[in-house]
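Q: The listed protein sequences correspond, in order, to chains A and B.
Okay, so the first sequence: first residue is 1 according to UniProt numbering, each after it adds one.
Okay, so the second sequence: first residue is 1 according to UniProt numbering, each after it adds one.
There are 2 protein chains.
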Amino acid sequence: MNAKIVTAGLLVIGDEILSGRTKDVNINATAQFCTDLGIELSEVRVVPDVIDTIVEAVNALRKRYTYVFTTGGIGPTHDDITADAIARAFGVALPIHPVAREMLESRWKESGTEVTAARLRMARIPEGADLVVNAVSAAPGFRIANVYVMAGVPVIMKAMLEAIAPTLEGGRKVESRSVSAGVGEGALGDPLAEIQSRYDDVKIGSYPQMGYGHIMTYLVLRSHDIARLDTATAEVQALVDKIHRDKNITLPEEAKP
Amino acid sequence: MNAKIVTAGLLVIGDEILSGRTKDVNINATAQFCTDLGIELSEVRVVPDVIDTIVEAVNALRKRYTYVFTTGGIGPTHDDITADAIARAFGVALPIHPVAREMLESRWKESGTEVTAARLRMARIPEGADLVVNAVSAAPGFRIANVYVMAGVPVIMKAMLEAIAPTLEGGRKVESRSVSAGVGEGALGDPLAEIQSRYDDVKIGSYPQMGYGHIMTYLVLRSHDIARLDTATAEVQALVDKIHRDKNITLPEEAKP
Numbered sequence: 001m002n003a004k005i006v007t008a009g010l011l012v013i014g015d016e017i018l019s020g021r022t023k024d025v026n027i028n029a030t031a032q033f034c035t036d037l038g039i040e041l042s043e044v045r046v047v048p049d050v051i052d053t054i055v056e057a058v059n060a061l062r063k064r065y066t067y068v069f070t071t072g073g074i075g076p077t078h079d080d081i082t083a084d085a086i087a088r089a090f091g092v093a094l095p096i097h098p099v100a101r102e103m104l105e106s107r108w109k110e111s112g113t114e115v116t117a118a119r120l121r122m123a124r125i126p127e128g129a130d131l132v133v134n135a136v137s138a139a140p141g142f143r144i145a146n147v148y149v150m151a152g153v154p155v156i157m158k159a160m161l162e163a164i165a166p167t168l169e170g171g172r173k174v175e176s177r178s179v180s181a182g183v184g185e186g187a188l189g190d191p192l193a194e195i196q197s198r199y200d201d202v203k204i205g206s207y208p209q210m211g212y213g214h215i216m217t218y219l220v221l222r223s224h225d226i227a228r229l230d231t232a233t234a235e236v237q238a239l240v241d242k243i244h245r246d247k248n249i250t251l252p253e254e255a256k257p
Numbered sequence: 001m002n003a004k005i006v007t008a009g010l011l012v013i014g015d016e017i018l019s020g021r022t023k024d025v026n027i028n029a030t031a032q033f034c035t036d037l038g039i040e041l042s043e044v045r046v047v048p049d050v051i052d053t054i055v056e057a058v059n060a061l062r063k064r065y066t067y068v069f070t071t072g073g074i075g076p077t078h079d080d081i082t083a084d085a086i087a088r089a090f091g092v093a094l095p096i097h098p099v100a101r102e103m104l105e106s107r108w109k110e111s112g113t114e115v116t117a118a119r120l121r122m123a124r125i126p127e128g129a130d131l132v133v134n135a136v137s138a139a140p141g142f143r144i145a146n147v148y149v150m151a152g153v154p155v156i157m158k159a160m161l162e163a164i165a166p167t168l169e170g171g172r173k174v175e176s177r178s179v180s181a182g183v184g185e186g187a188l189g190d191p192l193a194e195i196q197s198r199y200d201d202v203k204i205g206s207y208p209q210m211g212y213g214h215i216m217t218y219l220v221l222r223s224h225d226i227a228r229l230d231t232a233t234a235e236v237q238a239l240v241d242k243i244h245r246d247k248n249i250t251l252p253e254e255a256k257p
């Protein structure tokens with residue numbers, strides 16, 4: 001069993017997210033991707049298209065986490081400055097990469113697209129980086145050290161995550177269990193805190209929600225240690241069963257996890 | 001005319017966002033809220049329910065921006081530790097606030113809800129903070145110095161933003177204009193960069209998208225200075241018109257901004 005905890009930071013780059021013009025979907029996609037691989041997504045930052053800000057954020061995150069994923073800012077226009085920022089963060093040059101250029105030119109040939117200086121911006125790759133292929137639009141992302149630079153367009157971001165998945169080291173997978181309670185959080189707080197205090201290796205999250213005509217709380221337990229997780233879950237289930245009996249609450253079958 | 005640039009940082013607190021279990025919607029809601037008030041949302045961070053991490057992020061953001069908004073972690077359960085983190089970040093105590101307690105108890109009386117230690121956690125407010133009212137569930141948020149601490153439940157977060165809006169100083173409103181081009185970003189890059197180079201007070205963003213049967217690029221220009229914005233927009237529109245003529249592209253009326 002792999003005992004290593006593998007962490008990641010995500011950097012979302014783009015004015016359009018911060019202005020509210022675009023609703024981000026890459027945070028959730030990356031979060032689910034990490035969870036599936038047993039990687040703990042530990043932090044997300046969203047920053048504007050400002051080179052110094054991107055450099056600072058990349059340098060902070062890459063020292064702190066096993067992996068850093070970036071999304072956005074690798075297209076052909078002047079506001080696409082992620083490659084420039086990454087090259088500066090690592091103190092390396094940003095030449096045209098011959099293989100990236102080939103990938104792009106062969107796609108452009110197919111579609112009769114003219115080669116322009118703007119389009120060739122997409123072939124600029126920091127020195128020493130490996131390419132991350134992009135089957136959707138041919139413009140590659142890249143990896144330098146522990147930083148993976150990917151596209152902001154959600155379908156391309158997803159394809160790039162799938163492309164890098166086999167190269168990532170997964171950690172101990174976090175397993176989860178859930179318990180549904182037909183009461184609000186306030187009815188659970190004290191005894192739940194008592195259970196949590198005895199399980200520092202199990203994280204118990206509590207998520208109130210409306211459902212089935214009344215307030216519900218979904219309790220989600222997460223741990224690397226399945227035996228401890230199951231014992232803690234049994235305790236939480238017993239607590240919820242007791243509350244349901246005391247308050248004469250019967251949950252419909254479909255409300256159970 | 002108010003010449004001040006007013007900035008904000010947003011801190012989203014919650015394991016459920018980082019694990020992918022919950023899709024965040026508060027980032028976009030806050031971004032739109034800021035844009036409407038002329039506040040520039042400059043950075044977003046998403047952090048887990050870990051007290052030291054929250055303290056560090058709050059301290060970093062509150063020094064950097066005019067306002068900091070936080071969302072999440074102010075409920076009644078053990079994993080709701082935002083108030084604790086804020087009190088620690090400011091080095092102040094976290095007593096039960098008499099007015100917050102009254103708000104909660106009067107709501108609980110109406111609904112026949114028992115007062116428990118867990119529920120009273122929601123009345124703990126850092127010393128020196130003002131309350132932010134919550135019409136939805138009565139549990140208040142609070143403001144301490146330039147940090148506004150609000151709920152994670154989206155409908156309550158929105159209500160709290162509306163509640164604080166009149167107390168916030170708006171900046172010079174950023175106006176925006178858009179131009180639709182019936183070509184990909186690559187066809188625009190070089191001449192667009194040339195226009196951008198002459199307008200350092202206008203930000204030109206470029207957003208490719210599929211639409212009307214072919215690739216489209218939406219160009220969004222943003223500036224505090226309306227006269228400059230309109231001149232730059234006219235230049236971009238003229239560039240796009242020329243490309244459309246050269247390539248014999250006619251956009252349908254509904255594709256125009």
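All residues carry an ideal CB built from backbone N, CA and C; glycine is no exception.
1) Just mark B/Q196 as buried or exposed, buried being the case when its beta carbon has 16 or more other beta carbons within 10 Å.
2) Quick test of your reading: A/G141 and A/V149, contact by CB under 8 Å. State the CB separation rounded to the nearest angstrom.
3) Who are A/F69's beta bridge partners in DSSP?
4) Residues of chain B with CB under 9 Å from A/N28, in chain order?
5) Using a Cβ-Cβ distance under 8 Å, would A/K63 count as near chain B?
6) Grab the span of the alpha helix (DSSP H) containing B/I51 for me, first residue to last.
7) Counting contacts by CB-CB distance shorter than 8 Å, is B/A145 in contact with chain A?
8) How long is the line joining the alpha carbons of residue 279 of chain A and A/M122, rounded to whole angstroms?
9) Extract the residue ranges of the alpha helix (DSSP H) inside the segment 163 to 228 of chain A, only unbroken runs of 4 or more that lie entirely within it.
10) Can you give the Cα-Cα distance for B/T7 and A/A93, rounded to whole angstroms?
11) So with CB distances below 9 Å, who are the chain B contacts of A/E175?
12) Using 8 Å as the Cβ pair cut-off and three pairs as the minimum, do the segment 6 to 21 of chain B and the segment 29 to 41 of chain B touch?
13) Determine whether the Cβ of B/T113 lies closer than 8 Å to any Cβ atom of chain A.
14) Against A/Q32, what residues of chain B qualify as contacts under a CB-to-CB distance less than 9 Å, listed in chain order?
15) Along chain A, in chain order, which residues have C-beta atoms closer than 8 Å to that of B/L229?
16) Tell me which residues of the segment 82 to 109 of chain A have at least one Cβ-Cβ distance to chain B shorter than 8 Å, keeping chain order.
17) Is B/N248 close to chain A, meaning its C-beta is less than 8 Å from at least one C-beta of that chain?
18) In angstroms with no decimal places, state the Cα-to-Cα distance between B/E56 and B/H78.
19) State the beta-bridge partners of A/V236 as determined by DSSP.
20) Can you have a look at A/P208 and say buried or exposed, based on whether 16 or more other CB atoms are within 10 angstroms of its CB?
21) DSSP has A/E40 in a bridge; who is on the other side?
22) What does A/Y192 touch in chain B if you count any residue whose Cβ is under 7 Å from its own?
23) Strictly below 7 Å CB to CB, what residues from chain B border A/S206?
24) What are the partner residues of A/R143, as DSSP defines its beta bridges?
25) Closer than 9 Å by beta-carbon distance: list the chain A residues that pair up with B/Q196, in chain order.
26) By the criterion of Cβ-Cβ separation under 8 Å, what are the contact partners of A/R121 in chain B?
27) Could you have a look at B/R101 and say whether DSSP puts it in helix, strand or coil?
28) Should B/E254 be labelled buried (16 or more other beta-carbon atoms within 10 Å of its own) or exposed?
29) Run through the DSSP bridge pairs and tell me what B/V46 is partnered with.
30) Closer than 7 Å between beta carbons: that is the criterion. Which residues of the segment 33 to 67 of chain A meet it against chain B?
31) Given a cut-off of 8 Å on the beta-carbon distance, is the pair A/R228 and A/Y199 in contact?
32) Please state whether DSSP places A/M1 in a helix, a strand or coil.
33) Cα separation between A/N2 and B/S19?
34) Count the other CB atoms within 10 Å of the CB of B/N26; is the residue buried (16 or more) or exposed (fewer)?
35) Could you tell me which chain B residues have their CB closer than 7 Å to the CB of A/G186, listed as they occur along the chain?
36) Taking Cβ to Cβ, would you say B/M216 is nearer than 8 Å to B/G182?
A: Concretely, from the data shown:
1) On the second sequence, residue 196 of chain B is found 196 positions in, with the first residue counted as 1. B/Q196 should be labelled buried.
2) Your numbering for residue 141 of chain A matches position 141 in the first sequence. Your numbering for residue 149 of chain A matches position 149 in the first sequence. Sure, about 5 Å apart at Cβ, within 8 Å.
3) Here residue 69 of chain A is taken as the residue at index 69 of the first sequence, counted from 1. Paired residues: A/L10 and A/Y148.
4) Residue 28 of chain A sits at position 28 when you count from the first residue of the first sequence. Result: I17, G20, T22, K23 and D24.
5) Here residue 63 of chain A corresponds to residue number 63 of the first sequence, with the count starting at 1. Residue contact with chain B for A/K63: absent (no Cβ-Cβ distance below 8 Å to any residue of chain B).
6) Locating residue 51 of chain B in the second sequence gives position 51, counting from the first residue. DSSP places B/I51 in the uninterrupted alpha helix (DSSP H) bounded by I51 to R64.
7) Sequence index remark: in the second sequence, residue 145 of chain B carries index 145 (1-based). False, the Cβ-Cβ gap to chain A never drops below 8 Å.
8) Nothing can be reported for residue 279 of chain A: it is not among the residues displayed for chain A, which extend from 1 to 257.
9) Segments of the alpha helix (DSSP H) lying fully in the segment 163 to 228 of chain A: 189 to 198.
10) Position 7 of the second sequence, counting from 1, holds the residue named residue 7 of chain B. Position 93 of the first sequence, counting from 1, holds the residue named residue 93 of chain A. Put simply, the backbone Cα of B/T7 is about 33 Å away from that of A/A93.
11) Here the question's residue 175 of chain A lines up with position 175 in the first sequence. For A/E175, no chain B residue has a C-beta closer than 9 Å to its own C-beta; the minimum C-beta separation is roughly 12 Å.
12) Touching, yes, given that three or more Cβ pairs across the two stretches are closer than 8 Å.
13) Within the second sequence, numbered from 1, the residue matching residue 113 of chain B stands at position 113. With 8 Å as the cut-off, B/T113 counts as an interface residue toward chain A.
14) Counting from 1 along the first sequence, the entry for residue 32 of chain A is found at position 32. Going along chain B in sequence order, the residues near A/Q32 (Cβ under 9 Å) are S19, G20 and R21.
15) Translated into positions along the second sequence, residue 229 of chain B becomes position 229. Going along chain A, no residue has its Cβ under 8 Å from B/L229, so there is no contact; the nearest lies around 14 Å.
16) The segment 82 to 109 of chain A vs chain B, Cβ under 8 Å: nothing.
17) Along the second sequence, read from residue 1 onward, the residue named residue 248 of chain B stands at position 248. Chain A contact via Cβ: absent.
18) The residue labelled residue 56 of chain B in the question sits at position 56 within the second sequence. The residue labelled residue 78 of chain B in the question sits at position 78 within the second sequence. Distance between the alpha carbons of B/E56 and B/H78 is about 20 Å.
19) On the first sequence, residue 236 of chain A is found 236 positions in, with the first residue counted as 1. For A/V236, which the question treats as bridged, DSSP gives no partner whatsoever.
20) Taking the first residue of the first sequence as position 1, residue 208 of chain A is located at position 208. Label assigned to A/P208: buried.
21) Counting from 1 along the first sequence, the entry for residue 40 of chain A is found at position 40. Looking at the DSSP assignment, A/E40 forms a beta bridge with A/T7.
22) Numbered from 1 along the first sequence, position 192 holds the residue referred to as residue 192 of chain A. The amino acid at residue 192 of chain A is misidentified as Tyr; the sequence shows Leu. The answer, in chain order, is T77 and H78.
23) In the first sequence, the residue the question calls residue 206 of chain A occupies position 206. Neighbours of A/S206 on chain B, chain order: T77 and D79.
24) Here residue 143 of chain A refers to the residue found at position 143 when the first sequence is read from its first residue. A/D130 and A/Y148.
25) Locating residue 196 of chain B in the second sequence gives position 196, where the first residue counts as 1. What B/Q196 touches in chain A: T77, H78 and D79.
26) Locating residue 121 of chain A in the first sequence gives position 121, where the first residue counts as 1. Near A/R121 (Cβ distances below 8 Å), the residues of chain B are G189.
27) Counted from its first residue, the second sequence places residue 101 of chain B at position 101. DSSP places B/R101 in helix when its eight states are reduced to three.
28) Start at 1 with the first residue of the second sequence, and residue 254 of chain B comes out as number 254. Taking a 10 Å sphere around the C-beta of B/E254, we find fewer than 16 other C-beta atoms and assign the residue as exposed.
29) Numbered from its first residue, the second sequence carries residue 46 of chain B at position 46. Residue pairing of B/V46 in beta bridges, as defined by DSSP: A/V44 and B/V12.
30) Answer set for the segment 33 to 67 of chain A: T35, L41, S42, E43, V44, R45, V46, V47 and P48.
31) By 1-based counting over the first sequence, the position of residue 228 of chain A is 228. By 1-based counting over the first sequence, the position of residue 199 of chain A is 199. Yes, Cβ-Cβ distance for A/R228 and A/Y199 is below 8 Å.
32) For the purposes of this step, residue 1 of chain A is taken as the residue at position 1 of the first sequence. Bear in mind that the predicted position of A/M1 carries a pLDDT of just 44, short of 50, making it unreliable; the figure below should be weighed with that in mind. The answer is coil: DSSP assigns A/M1 none of H, G, I, E or B.
33) For this step, residue 2 of chain A is matched to residue 2 along the first sequence. For this step, residue 19 of chain B is matched to residue 19 along the second sequence. Interpretation of A/N2 is limited by its pLDDT of 48, a score under 50 that renders its predicted location unreliable; the figure taken from the coordinates is listed afterwards. Looking at the backbone, the Cα of A/N2 and that of B/S19 are separated by about 20 Å.
34) Working through the second sequence from its first residue, we reach residue 26 of chain B at position 26. Counting the other CB atoms within 10 Å of its CB gives B/N26 a total of 16 or more, which places it among the buried residues.
35) On the first sequence, residue 186 of chain A is found 186 positions in, with the first residue counted as 1. Simply P76, T113, T116, A118 and R119.
36) For the purposes of this step, residue 216 of chain B is taken as residue 216 along the second sequence, with counting starting at 1. For the purposes of this step, residue 182 of chain B is taken as residue 182 along the second sequence, with counting starting at 1. It is a contact, given that the beta carbons lie within the stated cut-off.
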